[in-house]
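Okay, so the sequence shown: first residue is 4 according to the working numbering, each after it adds one. Please read the structure below before turning to the comments.
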Amino acid sequence: MLDITKIYLFIFGALTIAGGVMGFVKAGSKASLIAGGVSGAMILVAAGLIVTGNEKAGLILGLVVSSVLEVRFLPAFLKTKKPMPEGMMASLSMIGTVLSVLALVPK
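Here it is as structure tokens:
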């Protein structure tokens, strides 16, 4: 489960940064650029921590950032029903939360 979570967090982090850049390019939203960049970078750091052997810290960071993004995007998606960016980010965040929890649970 740890390997899957690590790979997922790398992909999720990159997509989050790309989404922030897209929000800036399409709508001129500096908030999207900053929030996407910071949260994406934190997710990449979480994946990096897992790679370097600090699995627990990486998984906790991944869980926290995924949960915060989930709290931000899930209610927005339920309200607007927009697949982009709310639906995609809500889905990616939920997956990140579940994978991080599953990887943290002792076997």
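We treat Cβ as the ideally placed atom computed from N, Cα and C, and that holds for glycine.
Between the C-alpha atoms of residue i and residue j, what's the straight-line distance to the nearest angstrom?
i      : j      : result
GLY23  : LYS110 : 36 Å
LYS85  : MET45  : 25 Å
THR55  : LEU107 : 16 Å
GLU73  : ASN57  : 24 Å
LEU64  : LEU47  : 10 Å
LEU105 : SER35  : 29 Å
VAL26  : LEU95  : Val is not the amino acid found at residue 26; the sequence shown has Gly there. Going by the C-alpha atoms only, they are around 17 Å apart.
ALA38  : PHE15  : 14 Å
VAL101 : MET87  : 21 Å
ALA49  : ARG75  : 19 Å
ASP6   : LEU62  : 11 Å
ALA60  : ALA17  : 20 Å
GLY51  : PHE13  : 8 Å
Can you have a look at residue i and say buried or exposed, based on whether 16 or more other CB atoms are within 10 angstroms of its CB?
i      : result
THR112 : This structure leaves residue 112 out entirely; the chain is present only between 4 and 110.
VAL28  : exposed
THR83  : exposed
ILE53  : buried
ALA21  : exposed
Going by Cα to Cα distance, which pick from the options is closest to residue i?
i     : options                    : result
ALA93 : ALA50, GLU58, LEU77        : LEU77
PHE80 : ALA50, MET97, LYS59, VAL67 : MET97
VAL67 : SER42, PRO88, MET4         : SER42
THR19 : ASP6, GLY40, LEU62         : GLY40
Quick one, are the C-beta atoms of residue i and residue j less than 8 Å apart?
i     : j      : result
GLY90 : TYR11  : no
SER69 : SER103 : yes
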